[in-house]
Amino acid sequence: MTFFLIILYLLVLLALSIFAGVLVYHLAVYRISSIVKLEDGQKETAPRAMVFYLSLLIIIVAVSLIASVFFFL
Amino acid sequence: MADGRLVTTGFRRIYRRHVAELLGPILASLGMLIAGLLIPLIVSFLGIVITNYTVSWLILFAGIYFGGVVSYFFLEWLLWYLDFWVLTDRRLIDVQLTALFRRRVAELPLIQVQDIAVDQSGFLQNVLGYGNVKVQTAAKEGFFIIRAVSRPQEVRSKILELAAQHQETSQKEEEGDIPTSLLQQREAVPEALTRIALSSVDMSLLPKFSPSQARNFRIIPLRCEEGKLIVASASEKSPDDLQKLALICGMPVEIIPVSKEELDQALDRYYPLT
């Protein structure tokens with residue numbers, strides 16, 4: 005049972021990581037500055053949003069991992 | 173298009189859908205978060221006994237669940253962020269990310285603009301002041317829609333203004349009288365006209381800008397017209413500067429070109445250095 009859960013968890017985590025990768029790829033490739041040169045002082049929100057999203061995702065997964073280990077012990 | 177981008181120089185303004193369009197995904201994400209948080213309460217309410225072993229697995233999968241909710245919202249934001257319209261002094265570009273891995277870029281030369289209609293329907297659109305701008309064209313596709321954009325009337329006016337300017341420039345170029353840029357056109361304003369413009373300064377509007385602001389931006393407020401502040405300037409202002417000016421005076425700003433000498437004299441007269 006534990007083995008099955010570990011495999012399931014890893015598979016879902018892998019799917020989530022791939023999805024996150026696709027989103028980040030979109031922001032990197034389809035950004036506004038690929039179409040139009042931005043004015044001086046005008047910045048894209050995309051890089052900041054990408055960092056925020058990835059940080060949030062990593063924090064959520066890491067916290068749940070640590071908390072589950074704590075409960076398991 | 174020197175570096176591969178569609179627009180690198182000239183006037184360019186980016187429009188995108190109103191933030192209210194994200195209201196649905198925001199509510200859905202909040203709903204999913206609340207549902208996730210309610211599960212432990214429901215379990216304890218039902219009196220189900222769970223061991224530490226089960227809790228640790230539940231927490232692990234909760235991490236994935238909340239990660240999924242965050243990813244869902246980020247996807248919706250991405251689809252919103254990457255849908256935009258670029259208005260330049262020569263064309264309107266429509267960039268749509270209709271689905272992941274499906275992007276559509278369409279261009280409309282402003283010279284093909286025939287008519288523009290604004291459509292604001294529904295409670296939210298009317299209260300928050302956004303709507304669709306439908307641009308009728310002479311092209312095969314027929315029309316171009318800028319969806320759920322903020323202040324659609326202003327967008328309409330700007331497109332019409334740029335289309336008229338573009339048409340005028342094209343005609344002049346065809347006639348061989350070539351003021352190729354807007355700036356050159358503005359420098360060619362007759363001296364008599366600039367004097368008329370600066371002699372009609374509405375004194376009650378002067379306090380809208382402090383002397384340092386007026387000198388910094390090199391502008392003189394002239395009059396209010398249809399909710400806009402008409403200001404005289406010797407040079408073209410970037411969209412960023414126009415936004416800053418609008419924030420300072422609290423209304424949209426329109427520039428009337430005047431000569432540098434006239435503007436300097438007017439600045440000394442109306443905003444003297446202390």
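Chains A and B supply the protein sequences, listed in that same order. Quick note on my numbering: the first sequence kicks off at 5 and runs consecutively. Quick note on my numbering: the second sequence kicks off at 173 and runs consecutively. Virtual Cβ for every residue (Gly too), placed ideally from N, Cα, C.
Please report how far the alpha carbon of Gln-286(B) lies from the alpha carbon of Leu-435(B), in whole angstroms. By one-based count along the second sequence, residue 286(B) stands at place 114. By one-based count along the second sequence, residue 435(B) stands at place 263. Spanning the two alpha carbons is a distance of roughly 37 Å.
By how many angstroms is the C-alpha of Leu-269(B) removed from the C-alpha of Val-242(B)? Here residue 242(B) refers to the residue found at position 70 of the second sequence. Here residue 269(B) refers to the residue found at position 97 of the second sequence. For Val-242(B) and Leu-269(B), the distance between alpha carbons rounds to 20 Å.
State the DSSP-derived secondary structure class of Ala-19(A), mapped to helix, strand or coil. The residue given as residue 19(A) occupies position 15 in the first sequence. Correct three-state label for Ala-19(A): helix.
Measure the CB-CB distance between Glu-279(B) and Pro-424(B) and report whether it falls below 8 Å. What you label residue 279(B) is simply residue 107 of the second sequence in a count that begins at 1. What you label residue 424(B) is simply residue 252 of the second sequence in a count that begins at 1. Cβ distance not < 8 Å, so Glu-279(B) and Pro-424(B) don't count as in contact.
Counterpart residues of Leu-277(B) in DSSP-defined beta bridges: Stepping through the second sequence from its first residue, residue 277(B) is reached at position 105. Note that residue 277(B) is Val in the sequence shown here, rather than Leu. For Val-277(B), which the question treats as bridged, DSSP gives the partners Val-267(B).
What number of angstroms, rounded off, separates the C-alpha of Asp-291(B) from the C-alpha of Gly-303(B)? For the purposes of this step, residue 291(B) is taken as the residue at position 119 of the second sequence. For the purposes of this step, residue 303(B) is taken as the residue at position 131 of the second sequence. About 6 Å.
In the DSSP assignment, find the unbroken beta strand (DSSP E) run with Gln-297(B) in it and report its ends. Sequence index remark: in the second sequence, residue 297(B) carries index 125 (1-based). Here Gln-297(B) belongs to no beta strand (DSSP E); instead the alpha helix (DSSP H) covers 295-300.
Please decide whether Val-16(A) counts as near chain B, where near means a Cβ-Cβ distance under 8 Å. On the first sequence, residue 16(A) is found 12 positions in, with the first residue counted as 1. Closer than 8 Å: yes.
From the DSSP output, which residues share a beta bridge with Asp-287(B)? Residue numbering aside, residue 287(B) sits at position 115 when the second sequence is read from its first letter. Per DSSP, Gln-308(B).
For Val-28(A), the nearest candidate out of Val-67(A), Leu-58(A) and Val-73(A) (CA to CA): Taking the first residue of the first sequence as position 1, residue 28(A) is located at position 24. Taking only the C-alpha atoms, the option nearest Val-28(A) is Leu-58(A).
Can you grab the Cα-Cα spacing for the pair Phe-23(A) / Leu-230(B), in whole Å? Locating residue 23(A) in the first sequence gives position 19, where the first residue counts as 1. Locating residue 230(B) in the second sequence gives position 58, where the first residue counts as 1. If I take the Cα positions, the gap works out to 22 Å.
With a CB to CB cut of under 8 Å and the five nearest residues on each side skipped, what residues in its chain are close to Leu-321(B)? Residue 321(B) sits at position 149 when you count from the first residue of the second sequence. The question names Leu, but residue 321(B) is Val in the sequence shown. If we look at Val-321(B) and ignore the five residues flanking it on each side, its Cβ neighbours are Tyr-187, Arg-188, Arg-189, His-190, Trp-257, Tyr-302, Gly-303, Asn-304, Val-305 and Val-327.
Quick one: which unbroken alpha helix (DSSP H) runs of 4-plus residues sit fully inside the segment 373-427 of chain B? Chain order, please. 383-389 and 411-421
Determine, for Ile-39(A), whether the minimum Cβ-Cβ distance to residues of chain B falls below 8 Å. By 1-based counting over the first sequence, the position of residue 39(A) is 35. It does; some Cβ of chain B falls within 8 Å.
Less than 8 Å between the beta carbons of Trp-252(B) and Leu-194(B), yes or no? Within the second sequence, residue 252(B) is the residue found at index 80, counting from 1. Within the second sequence, residue 194(B) is the residue found at index 22, counting from 1. Cβ atoms of Trp-252(B) and Leu-194(B): closer than 8 Å.
Buried or exposed by the 16-neighbour rule on C-beta atoms within 10 Å, applied to Thr-341(B): Counting from one through the second sequence, the residue named residue 341(B) turns up at place 169. Classification of Thr-341(B): buried, given that the 10 Å Cβ count is 16 or more.
Closer than 8 Å to chain A by CB, Asn-304(B): Translated into positions along the second sequence, residue 304(B) becomes position 132. Answer no: the Cβ-Cβ gap between Asn-304(B) and chain A never drops below 8 Å.
Can you name the residues of chain A whose CB is closer than 7 Å to the CB of Ala-406(B)? The residue labelled residue 406(B) in the question sits at position 234 within the second sequence. Result: empty, since nearest Cβ-Cβ is about 20 Å, beyond 7 Å.
Straight-line CA distance for Leu-414(B) to Val-267(B)? Indexing the second sequence from 1 puts residue 414(B) at position 242. Indexing the second sequence from 1 puts residue 267(B) at position 95. Looking at the two C-alpha atoms, the distance is approximately 25 Å.
Using three-state DSSP, classify Thr-260(B) as helix, strand or coil. Within the second sequence, the letter at position 88 stands for residue 260(B). Residue state, collapsed to three classes: strand.
I'd like to check one pair, Ile-39(A) with Val-307(B): are the Cβ atoms closer than 8 Å? Position 135 of the second sequence holds residue 307(B). Position 35 of the first sequence holds residue 39(A). No.
On the DSSP bridge assignment, give the partners of Val-321(B) in chain order. Reading the second sequence from its first residue, position 149 is the one you call residue 321(B). Arg-189(B) and Gly-303(B).
Alpha-carbon to alpha-carbon, Tyr-34(A) and Gly-235(B): In the second sequence, residue 235(B) corresponds to position 63, counting from 1. In the first sequence, residue 34(A) corresponds to position 30, counting from 1. For Gly-235(B) and Tyr-34(A), the distance between alpha carbons rounds to 29 Å.
8 Å Cβ cutoff, Val-67(A) in contact with chain B: For this step, residue 67(A) is matched to residue 63 along the first sequence. Yes - at least one Cβ of chain B is within 8 Å of the one on Val-67(A).
Please classify Tyr-237(B) as buried or exposed, where buried requires at least 16 neighbouring CB atoms within 10 angstroms. On the second sequence, residue 237(B) is found 65 positions in, with the first residue counted as 1. Buried is the call here.
Lys-432(B), enclosing alpha helix (DSSP H) - first and last residue: The sequence position of residue 432(B) within the second sequence is 260, counting from 1. It spans 432-442 - the alpha helix (DSSP H) in which Lys-432(B) sits, taken as one unbroken run.
Express the C-alpha separation of His-30(A) and Ile-10(A) in angstroms, rounding to a whole number. One-based indexing of the first sequence puts residue 10(A) at position 6. One-based indexing of the first sequence puts residue 30(A) at position 26. Cα-Cα distance, rounded: 30 Å.
Rounded to whole angstroms, what's the CA-CA distance from Phe-8(A) to Thr-226(B)? Just pull it up for me. As a first step, residue 8(A) is located in the first sequence; it is residue number 4 there, counting from the start. As a first step, residue 226(B) is located in the second sequence; it is residue number 54 there, counting from the start. Taking the straight line from one Cα to the other gives about 14 Å.
Name, please, each residue of chain B whose Cβ falls closer than 8 Å to the Cβ of Val-26(A). Within the first sequence, residue 26(A) is the residue found at index 22, counting from 1. Within 8 Å Cβ-Cβ: Leu-272.
Tell me which residues share the same chain as Leu-394(B) and place their Cβ nearer than 7 Å to its Cβ, disregarding the 5 neighbours each side in the sequence. Counted from its first residue, the second sequence places residue 394(B) at position 222. Closer than 7 Å at Cβ, skipping near neighbours: Ala-369, Ser-372, Val-373, Asp-374, Ile-402, Val-403, Ala-404 and Ile-428.
Please classify Lys-380(B) as buried or exposed, where buried requires at least 16 neighbouring CB atoms within 10 angstroms. Walking along the second sequence from the start, residue 380(B) turns up at place 208. Buried is the call here.
Measure the C-alpha to C-alpha separation of Gln-356(B) and Ala-289(B) and round it to an integer number of angstroms. On the second sequence, position 184 is the one that residue 356(B) refers to. On the second sequence, position 117 is the one that residue 289(B) refers to. Low confidence applies here, because Gln-356(B) scores a pLDDT of 47, under 50, leaving its location unreliable and the question unanswered by this model.
Is Asp-440(B) buried or exposed, if buried means 16 or more other CB atoms sit within 10 Å of its CB? Here residue 440(B) is taken as the residue at index 268 of the second sequence, counted from 1. When all chains shown are included, Asp-440(B) counts as exposed.
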